[in-house]
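In the working numbering, the protein residues as written are 1 to 147.
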């Protein structure tokens with residue numbers, strides 16, 4: 001009798017977990033479906049969120065956009081001056097490998113933030129443009145171990 005109760009309890013617990021997983025998947029897809037039509041500019045605004053999951057989702061959505069759509073608002077975001085937004089935008093621009101962002105990266109070589117300088121170094125390395133070679137060598141000599 002005790003074994004039957006344990007088995008039944010175990011099966012119910014398993015069913016609850018399966019239900020919660022299915023509910024989570026359905027809820028997650030419903031929650032994100034309202035975001036499908038967002039513009040790159042709107043996704044860039046989501047990079048400012050305090051919620052890390054929102055920022056991560058926005059970054060992934062921006063990487064799915066065409067360079068023509070995503071690069072201009074990301075460049076504007078870098079120029080906006082907010083450190084977190086600059087950092088995330090530089091990272092995304094570096095992953096997109098668009099040479100149009102080279103001048104923006106060069107403008108951040110002397111950023112007071114070692115994290116931004118490190119992101120610039122990685123982005124310049126990803127671009128592999130002649131204009132980025134000397135600045136990249138300069139960043140390799142940075143006093144900060146982060147860079």
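Beta carbons are placed, not taken as given, at the ideal position from N, Cα and C, and that holds for glycine.
Notebook entry, point to check: Just curious, the alpha helix (DSSP H) that residue 38 is in, first and last residue?
Noted result: Within the chain shown, residue 38 is the residue found at index 38, counting from 1. From DSSP, residue 38 is part of no alpha helix (DSSP H); its letter is neither H nor E.
Next item on the list: Can you give me the Cβ contacts of residue 49 inside the same chain, cut-off strictly under 8 Å, excluding the 5 residues immediately before and after it?
Entry: Looking up residue 49 in the chain shown gives position 49. Hits under 8 Å: 55, 58.
Note to self: Taking its Cβ as the centre, do 16 or more other Cβ atoms sit within 10 Å of residue 103, making it buried, or is it exposed?
What the structure shows: In the chain shown, residue 103 corresponds to position 103, counting from 1. Exposed, by the Cβ-count rule.
Next item on the list: Go ahead and pull the three-state DSSP assignment for residue 81.
Entry: The residue labelled residue 81 in the question sits at position 81 within the chain shown. Coil at residue 81, not helix or strand.
Notebook entry, point to check: How do the region 123 to 132 and the region 93 to 101 stand: do at least 3 beta-carbon pairs fall below 8 Å, yes or no?
Noted result: yes
Next item on the list: Ignore the nearest five residues each way along the sequence and tell me which others in residue 130's own chain have a CB closer than 7 Å to its CB.
Entry: By 1-based counting over the chain shown, the position of residue 130 is 130. Excluding residues within five positions, none has a Cβ falling inside 7 Å.
Checklist line | Option in 38, 61, 146, 120 with minimal Cα separation from residue 78 | finding: Here residue 78 refers to the residue found at position 78 when the chain shown is read from its first residue. Measuring from the Cα of residue 78, the nearest candidate turns out to be 120.
Note to self: Do residue 110 and residue 146 have their beta-carbon atoms positioned less than 8 Å apart in this structure?
What the structure shows: For this step, residue 146 is matched to residue 146 along the chain shown. For this step, residue 110 is matched to residue 110 along the chain shown. Against a cut-off of 8 Å, the Cβ pair of residue 110 and residue 146 comes out as no contact.
Next item on the list: Out of 82, 76, 98, 141, state which residue places its alpha-carbon closest to the alpha-carbon of residue 63.
Entry: Residue 63 sits at position 63 when you count from the first residue of the chain shown. It is 98 whose Cα lies nearest to the Cα of residue 63.
Next item on the list: Determine the closest residue to residue 70 out of 85, 83, 89, with distance taken between C-alpha atoms.
Entry: Translated into positions along the chain shown, residue 70 becomes position 70. The shortest Cα separation from residue 70 among 85, 83, 89 belongs to 89.
Notebook entry, point to check: Under 8 Å between the Cβ atoms of residue 101 and residue 65?
Noted result: Along the chain shown, one-based indexing puts residue 101 at 101. Along the chain shown, one-based indexing puts residue 65 at 65. No, the pair does not count as a contact, with Cβ atoms beyond the cut-off.
Note to self: By alpha-carbon positions, which one of 61, 122, 52 ends up nearest to residue 37?
What the structure shows: For the purposes of this step, residue 37 is taken as the residue at position 37 of the chain shown. Here the closest residue by C-alpha is 61.
Next item on the list: Return the chain-ordered list of same chain residues with a C-beta closer than 7 Å to the C-beta of residue 73, the five sequence neighbours on each side being excluded.
Entry: What you label residue 73 is simply residue 73 of the chain shown in a count that begins at 1. Excluding residues within five positions, the ones whose Cβ falls inside 7 Å are 40, 41, 44.
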